[in-house]
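Number of protein chains: 6
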Amino acid sequence: MLLAVPLLAGAQVFTLTSEQLTEYTAKNPFERFADGRPKVPQKFFDRAQAMSAEEVWSVLPGKGFPNQYAGDFRVLHPGKKMIGRAFTVQFMPLRPDVDGVLQDRAKQKGMSRWANQSALDMLQPGDVLVVDLFGKEEGGTIVGDNLFYYTLKATKAGGLIVDGSIRDLEGISEMDMPAYFRHVHPTPIQNVMLTGINIPVRIGGVTVMPGDMVFGDKEGVYFIPPHLVENVLDNADVIHIHDEWTRKKFDEGKYKSSDIYPSPRDPALKAEYEAYLKKRLAEIRSK
Amino acid sequence: MLLAVPLLAGAQVFTLTSEQLTEYTAKNPFERFADGRPKVPQKFFDRAQAMSAEEVWSVLPGKGFPNQYAGDFRVLHPGKKMIGRAFTVQFMPLRPDVDGVLQDRAKQKGMSRWANQSALDMLQPGDVLVVDLFGKEEGGTIVGDNLFYYTLKATKAGGLIVDGSIRDLEGISEMDMPAYFRHVHPTPIQNVMLTGINIPVRIGGVTVMPGDMVFGDKEGVYFIPPHLVENVLDNADVIHIHDEWTRKKFDEGKYKSSDIYPSPRDPALKAEYEAYLKKRLAEIRSK
Amino acid sequence: MLLAVPLLAGAQVFTLTSEQLTEYTAKNPFERFADGRPKVPQKFFDRAQAMSAEEVWSVLPGKGFPNQYAGDFRVLHPGKKMIGRAFTVQFMPLRPDVDGVLQDRAKQKGMSRWANQSALDMLQPGDVLVVDLFGKEEGGTIVGDNLFYYTLKATKAGGLIVDGSIRDLEGISEMDMPAYFRHVHPTPIQNVMLTGINIPVRIGGVTVMPGDMVFGDKEGVYFIPPHLVENVLDNADVIHIHDEWTRKKFDEGKYKSSDIYPSPRDPALKAEYEAYLKKRLAEIRSK
Amino acid sequence: MLLAVPLLAGAQVFTLTSEQLTEYTAKNPFERFADGRPKVPQKFFDRAQAMSAEEVWSVLPGKGFPNQYAGDFRVLHPGKKMIGRAFTVQFMPLRPDVDGVLQDRAKQKGMSRWANQSALDMLQPGDVLVVDLFGKEEGGTIVGDNLFYYTLKATKAGGLIVDGSIRDLEGISEMDMPAYFRHVHPTPIQNVMLTGINIPVRIGGVTVMPGDMVFGDKEGVYFIPPHLVENVLDNADVIHIHDEWTRKKFDEGKYKSSDIYPSPRDPALKAEYEAYLKKRLAEIRSK
Amino acid sequence: MLLAVPLLAGAQVFTLTSEQLTEYTAKNPFERFADGRPKVPQKFFDRAQAMSAEEVWSVLPGKGFPNQYAGDFRVLHPGKKMIGRAFTVQFMPLRPDVDGVLQDRAKQKGMSRWANQSALDMLQPGDVLVVDLFGKEEGGTIVGDNLFYYTLKATKAGGLIVDGSIRDLEGISEMDMPAYFRHVHPTPIQNVMLTGINIPVRIGGVTVMPGDMVFGDKEGVYFIPPHLVENVLDNADVIHIHDEWTRKKFDEGKYKSSDIYPSPRDPALKAEYEAYLKKRLAEIRSK
Amino acid sequence: MLLAVPLLAGAQVFTLTSEQLTEYTAKNPFERFADGRPKVPQKFFDRAQAMSAEEVWSVLPGKGFPNQYAGDFRVLHPGKKMIGRAFTVQFMPLRPDVDGVLQDRAKQKGMSRWANQSALDMLQPGDVLVVDLFGKEEGGTIVGDNLFYYTLKATKAGGLIVDGSIRDLEGISEMDMPAYFRHVHPTPIQNVMLTGINIPVRIGGVTVMPGDMVFGDKEGVYFIPPHLVENVLDNADVIHIHDEWTRKKFDEGKYKSSDIYPSPRDPALKAEYEAYLKKRLAEIRSK
């Protein structure tokens, strides 16, 4: 698969070399794929299972990243978290002059067509396929049931986000991979051209970078820059403990909300909370 | 019920005689109702249970029918297919000069009022009630729970599509008939007049003909001209087998998506697929 | 032209016979065209030049017609009133089975095609072309500049309302005929079929009857049933006088709005107003 | 808690005194809270469990209240009715000149901040929190999971309606309290100021009065003036019986819908229905 | 007129006493009306004629007021600036229980009805009528042509902003007063009740305070707190001079945009600009 | 200016080298700029003054380019054609990790900031600035009045298209350069980063290539690939003559629209038209 990267890369309009992608994601503290894409380790995915979109928010804007959330999707399996590494794909409206060049290049490399499957063929376990189809409904369908199934297999159920459509909702609904899309439509993908793979893409108000950690829950989707992943997860631990303690206090029924939340006003309660936090953090971190 | 047709027909603004409807649906290969409406046989309904909107698409545009799909509905029971024969009804904004004529005619025929129930009273088993209420939300409510129940009984759970609203979502949700609507609202139907029964009506971007086979799944609704029904279903059999084979191959984990889909590139695989298709088709067709 | 009516009529899906149209517009106090369409006399058009949409409203709902106004149009020449008789045309999404029948019939009658020009060819002086293209933007363009010019010539600048698009806004802008449309788009009309001429059509929330008096100003468009035309115009005279008097009083600067409007509270002022109304009405009516 | 009312009230921009609220709700036949808010008795909440939005509609417009329904919400738990007393809260876009005055006042009363929690702290069992956040999505989030939990505890699962957003849908989804909102967003509430508690507020096209009985089902939300509550519930009993009888008749399969609905046409059936109604009403009322 | 204030005030639901309004606008450096409303002096209106929305923006957010702009209006006379003092009015959806109390009170004070004209009757020269009709289109029409004319006379062409509709666009278009509205519709105002006069109201994302200086141009409308008016105008003088100088430099054709704008990079040019600014400011200020 | 190209190019995320741009626009029959951008000659701009969007449509789809039209803009000067060469610019939502790299690079090259002015500084006479700001309203304002003025000077009034906003509509309205935008807003551009100059960008449903001939009229905007420019203009000559002849015939008042349009049915008329076309074409071409 790795060898495929340089071969394929030449067919798209926009390309980042491994060096360029490394430069733009210079703060990434983790390993990288051969194409320069950051590789957030699997262990963080496991920790993220208990997190919510909310908890990502409490870190990112404070670090200068207020634009990493995208909402207003149809969510395929609302009870299922989506966690993985962003594999980005960009389409633009078809122009035969430009697409003709892309198809010629692809043919020279032995590919039958330069289209959505050219990108799917590059997916790896843990990837989330992130597709800019500029909100297109009719003909903006990145996959139907067969290619959804392929994506599930290739990414080990990583997931799919498309600012566009999917087709065959009926068939896809039975497959156990999270997916976020704007519309459903029975037409296959058409009247577009594939202009970029693993380049920065726009999903709603977010610039998604290849290798961002993708986190989706019932509310929407967060794209977390790799260098902030650990920070976000550590903070989520604190929030969980804070929530536990807060609700226990509310259960007691003798406090007003502002006595306890966002932080206890009474010094004794504050001390109690801090002791609780310390103890519980130690328990969690020792796992 | 059959006798009712000519009696009722005279009250509406737009009418197709049995001869006219027969002319517009001249390619219908099946029997007809007394009013000329094609009667797609029940056996095709059974076969359609395994089909998806997707699979209808793969036939109709190629036959010159690109405009037969309507989406963007609220779907009452997303897990339940809707399959039946289109029974079409058209309403227009109320004008007392026109509606007065309709009410007079209806009274002459012994009916108490010329309104939504005039159409409901004509429903037959296997019908899907298809209603053009021009997207009206308030007062565009074709049925509440009682008349939904009547429709369920009269059509044997055929179904309901309304480009408008339903009321009493609470009550209707418990009834086991598929329904597609744009809105819910508590007002009863009002400020409209009933202008046509079993005439061509528009639902979104589709002209629906009386007697079209209606097929609804999670994605949306297809209106299939009777002469293409068998074609669509035969093709769906092929697609099912193609999907089976494709996913088995993907399960093997050694192919890229473009090796297998949309059709296998390797001649040996192609032969394997074709043998599989032949065998499975024979099995299915022999049932 | 008159002979064309029965010939053409047979090609459309929905038809009202002259008798049917006469029945639906039975209250029409004026002459009719050969096809049954009411012919509101020219003299009322002249009187309507001084009227506003507002003034139509003050009569119609009280007579049981609350649904005769349509707004939210792009208005070609906002300073120019549109006044004429509704000539209605209906399109629906294309289905080749139905359209094929229409084209066959048209050919049997020596027409080259059954399409938008089939309707335009029937226009008469004083007509306003009222077209239901169900809000279609791309391909929902009833005319471009040449056929707009033809319409201008054939109707003597009667006007055009389309719940759909026009094309060639650049060229049309220079032509001196009022027009109301939803969109502009460069595509020609396509993917639709002509299903009715001079039948009831829906424009927004209005059922328009052939022969309705059409009145358009900066605000939007009113469709006035012929039997209410004189009533509306007489009432507009009263409103104009009321407005004259009211503003003269406001000009005096010594009254609050509620002293004078909607009617003077002080008995002496009331008497003054009534005398003024009587005098001015007499002047106007004597013209 | 009661003591808190006069203390807090002074901090908001808009206030109704107990006397004013009593005047505006003069028809209230029930007890009141200390702040004048009508206190619809719990027994009516129990009866309302079997009701639907539909049935509220059949009484209110006829009593001159056509504007009491709000729809187009996202419904947290569609299978769960929301029933309680309206506790209203109003926010407006932030202006530091006005908000500064509010914060100063709040500080003088020993409160840390004048914001959403100032209102939450006043909630009582049986309340439904009704919040006007003018449809704000980003930063229009009345609660996250912790304060949702507090609201659940303080109101005994009364419920929440916000013309705005909630945050942390993931966490809130697991909590057993009905909620209606326009959007979800991960941002906390910001860029607004709290301008009123228990004053008339607007939710969609409804003016909600403090103490209205709130009724929510799958369809949307009704705000029932206290003096009409008993009327609505009594009428719902009749509708339930009517529905029972109507469906039994439809089950017999020998009637058209108009024979039976909305009321039986045949005198014998009419008598049968009336006897049934009388008997069943007696049974219900005797419980 | 002044005496009317306390008399009328009692009829509305929400009232600010003169003391309360003074408190909320405590930073106002100017005189006040008897009801406490700040009275920005006429001389600032004259200076504002040369200003644009743009220039207001360059001051307000920096002073902590980012929410003072409202856009997306239909603008009656795009070439005409609107400048005056906000006179605010609030409507809410009709409830007969509440409205009945208001009408009773009004009658006790000798008024015929408590409705839109109750507010219009209080207008003064230099006022801009600012109306919250919650975006209502049908029936949300604050004035027709007669009351628009009254407003023009009473305010000396101050202006009108309505988050709702006007009616009789045809008649109003000929009157020389600026106006901003969301829609036009022929229906008169209905199904609402007048709940506040000269209280804080919401227009789009702005909380408007009575006495704010209103500034409208082609782009939209700004509501400027009185204490920032002089600041805004002084700053606009600087911007005008900056624009003069910048364009003169661009006219020379030898600079790139970034050499000159937003401020000159070259020290010599910077000095030149500063000398120019000083000289021109002196000229302007000496007028 | 030419030297600036390679210097600046390095700062953006997406870059096409001169070779790549030449490859994608290989069919360009004209000269190129140093950066590879096609340079459609001025003489075609002059010919295009008489053209309409309509006439572009009649060529491009037939050549395989159905996606070159963008509509739904606010048009600054509807009576003024916009004609020039596309100079494309792309922005994406801000991410400090990516933008930091861009700013660093820019600083290394002696630029103060990498932002909208970096692109403006590269404009040349005859350019139309085409900006993808992904429809952003607040903060999506490519220019205010000063930079609009700069653009006018630098492009010799070429023009501006932005899928986003402009600010200072008041000031810009007085400047004599065509402009197409989605919104107006007083905020300056913010929360975005400049990711590409003279790369393919998306405007609505169009992929715009650097060097496309831009043509804007009242209706909307067309982006014409250079190799089709002459074809489009030659065809427009024919359409103009066809329009002249058609209208002369309509002026005669003796033909139905279908006798003459789209082409004359009668062989004699057809011959007349063809002679006319030949003569007039010769006249035009000899100029």
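Residue numbers (this note's numbering), protein chains in the order written: chain U, 758 to 1044; chain W, 758 to 1044; chain L, 758 to 1044; chain Z, 758 to 1044; chain B, 758 to 1044; chain F, 758 to 1044. Even glycine gets a Cβ: it sits at the ideal position worked out from N, Cα and C. Values in this document were obtained by computation on a predicted structure and should not be read as measured data.
Pick from the options that is closest to residue i, judged by C-alpha positions
i, options, result
"F:K1044", "F:E1009, F:D994 and F:R1022", "F:D994"
"B:D925", "L:D902, L:E811, L:P795 and L:V797", "L:E811"
"L:K796", "L:Y906, L:D969, L:G977 and L:A1028", "L:D969"
"F:Y907", "F:Y826, F:P786, F:N785 and F:L877", "F:L877"
"B:N903", "B:G896, B:P945 and B:R939", "B:P945"
"F:F822", "F:V813, F:P786 and F:K913", "F:V813"
"B:L990", "B:V858, B:Y1030, B:V816 and B:Q769", "B:V816"
"Z:D1008", "W:T912, W:P957 and W:P1019", "W:T912"
"U:K800", "U:A936, U:R870, U:V986 and U:K866", "U:V986"
Contact set between residue i and chain W, taken where Cβ atoms lie within less than 7 Å
i, result
"U:T944", "W814"
"L:K784", "D854"
Residue j beta carbon less than 8 Å from that of residue i
i, j, result
"U:G703", "U:F802", "Shown here, chain U extends from 758 to 1044; a query on residue 703 of chain U therefore has no answer."
"B:P1021", "B:K1013", "no"
"B:N873", "B:L951", "yes"
"U:D974", "Z:E976", "no"
Under 9 Å by beta carbon: chain Z residues contacting residue i
i, result
"U:F844", "Simply none; closest approach about 24 Å."
Where residue i meets chain F, residues with beta-carbon distance less than 7 Å
i, result
"B:A810", "E927 and P943"
"U:E730", "The structure shown does not extend to residue 730 of chain U, since chain U spans only 758 to 1044, so no value can be given for it."
Proximity test, residue i beta-carbon vs the ligand HEM heavy atom, cut-off 7 Å
i, result
"U:Y979", "Looking at this structure, you won't find the ligand HEM or any other ligand, since it has none at all."
Any C-beta of chain D under 8 Å from that of residue i
i, result
"W:R1004", "Among the protein chains of the structure shown, namely U, W, L, Z, B and F, there is no chain D."
Proximal residues of chain U, C-beta to C-beta of residue i below 7 Å
i, result
"Z:L904", "S1014 and Y1018"
Interface residues of chain F facing residue i [CB-CB closer than 9 Å]
i, result
"B:D1000", "D902, N903, Y906 and G928"
Closer than 8 Å, Cβ to any Cβ of chain L: which residues of the region 909 to 937 of chain B, in chain order? K910, A911, R924, D925, L926, E927, G928 and S930
Contiguous alpha helix (DSSP H) assignments of at least 4 residues, all confined to the region 802 to 856 of chain F: 810 to 814
Which parts of the region 940 to 997 of chain W are runs of the beta strand (DSSP E), unbroken and 3 residues or longer, counting only runs that do not cross its ends? Correct list: 949 to 954, 958 to 960, 963 to 965, 970 to 973 and 978 to 981.
Contact residues within the region 949 to 978 of chain Z, judged by C-beta distance below 8 Å to chain B: Of all residues in the region 949 to 978 of chain Z, the ones placed with a Cβ closer than 8 Å to any Cβ belonging to chain B are M950, T952, I956, P957, R959, G962, V963, T964 and M966, in chain order.
Which runs of the alpha helix (DSSP H) fall wholly inside the region 1005 to 1035 of chain B and span at least 4 residues, in chain order? 1014 to 1017
Using a Cβ-Cβ cutoff of 9 Å, what residues of the region 821 to 832 of chain U are near chain F? List them in chain order. The residues in question are G821, F822, P823, N824 and Q825.
For the region 1012 to 1044 of chain F, list every residue whose C-beta sits within 9 Å of some C-beta in chain B, in sequence order. none
Give, in chain order, every unbroken run of the beta strand (DSSP E) that is at least 3 residues long and sits entirely within the region 886 to 934 of chain U. 917 to 923
Can you pull out the residues from the region 868 to 893 of chain F whose beta carbon lies closer than 7 Å to at least one beta carbon of chain U? Hits within the stretch, in order: F891.
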